[in-house]
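In this text, residue positions in the sequence shown follow the numbering used here: the first is 184, and each later residue adds one. Here a beta-carbon is modelled for each residue, glycine too, at the ideal position from N, C-alpha and C.
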Amino acid sequence: MSIFFLLYNGCVLEIRGLSKIYRLGDIEVNALSDVSIKVESGEMICIMGKSGSGKSTLLRQLGLIDFPTSGSIMLEGIDVTRLAERKRSLLRLEHLGYVFQEYALIPELTALENVYLPAMMLGNHKDYKKRAYDVLELVGLEERTNHRPKELSGGEQQRVAIARALINDPKIIFADEPTANLDTVSAEKVMKTLVDLNDKLKVTVVFVSHDPDDKQYAKELVFLKDGKLVNEYI
């Protein structure tokens, strides 16, 4: 049974006073400090900041990949901050999609197999292969379904990763520097793919970028510096 309920006053995601401290021996690194953000359903938000600002750390907390040191993460009104790992894993699989900077595709699998793997694990699509083909078509890769990652360009691999993130009809897609390793043309295709999915499917998108040019793709902007919210990109 899903732990998700109806939208909480239109807010799909809310973090309150989030902090993350990494301890390296006797040294403490404050990666995030008292960050509070609300994300409305259907929003497309860009988290911006320079290298080391805490962008990816914040995204890992939101995507339930890591645990914050303090603060809370509310998903549709449910505090999921301290859920047991088994429940967090199920929640990620059922309701969250994550796109990594390095694609994170399995090299031995075809594009189609990479995409349908999460659906097969969850078992929520009777015809998960058809569903995988459909989402690959959504990202413009219906002609590349039987190609393995090494046979695809970087931009195509990232669009396969986006399709994989879509396979279980997530509430939110998180994308960590999705264009960092791509040339300008491929990067534009990837970002336009995310914009189209946000517009057509109304899926909430939260992405991280250090490139000021990526502001054009977002409806809302969040700026970080030294793990803290600031008013502009500096």
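Under the three-state DSSP convention, the category residue i falls into
i      : result
Val298 : helix
Glu223 : strand
Ala358 : strand
Asn364 : coil
Arg327 : helix
Ser216 : strand
Lys238 : helix
Lys270 : helix
Glu277 : helix
Asn414 : coil
Ile210 : strand
Rounded Cβ spacing between residue i and residue j (contact assumed at less than 8 Å)
i      : j      : result
Gly237 : Leu215 : 5 Å
Val405 : Ile198 : At roughly 11 Å, the Cβ-Cβ gap does not stay under 8 Å, so Val405 and Ile198 are not in contact.
Val413 : Thr376 : With a Cβ gap of about 29 Å, Val413 and Thr376 do not count as contacting.
Pro290 : Arg327 : At roughly 15 Å, the Cβ-Cβ gap does not stay under 8 Å, so Pro290 and Arg327 are not in contact.
Leu247 : Arg275 : 5 Å
Limits of the alpha helix (DSSP H) - the one that residue i falls within
i      : result
Ile289 : Neither: Ile289 is in no alpha helix (DSSP H) and is coded neither H nor E.
Leu319 : 311 to 321
Leu247 : Careful: Leu247 lies outside any alpha helix (DSSP H) and carries neither H nor E.
Short CB-CB distance (under 7 Å) between residue i and chain D
i      : result
Gly410 : Looking at the structure shown, chain D is missing, and only one protein chain is on hand.
Residue i: first and last residue of the uninterrupted beta strand (DSSP E) it sits in
i      : result
Gly254 : 253 to 258
For the structure I just gave you, are there three or more beta carbon pairs, one from the stretch 386 to 395 and one from the stretch 229 to 245, closer than 8 Å? yes
Say whether the stretch 360 to 371 touches the stretch 288 to 300, bearing in mind that this needs 3 or more beta-carbon pairs closer than 8 Å, one atom from each stretch. no
Could you tell me which whole alpha helix (DSSP H) segments of length 4 or greater appear in the stretch 334 to 412? 337 to 349, 367 to 384
Using 8 Å as the threshold, is the stretch 347 to 357 in touch with the stretch 307 to 323, meaning 3 or more CB pairs across them? yes
So, does the stretch 266 to 273 touch the stretch 328 to 346, judging by three or more C-beta pairs under 8 Å? no
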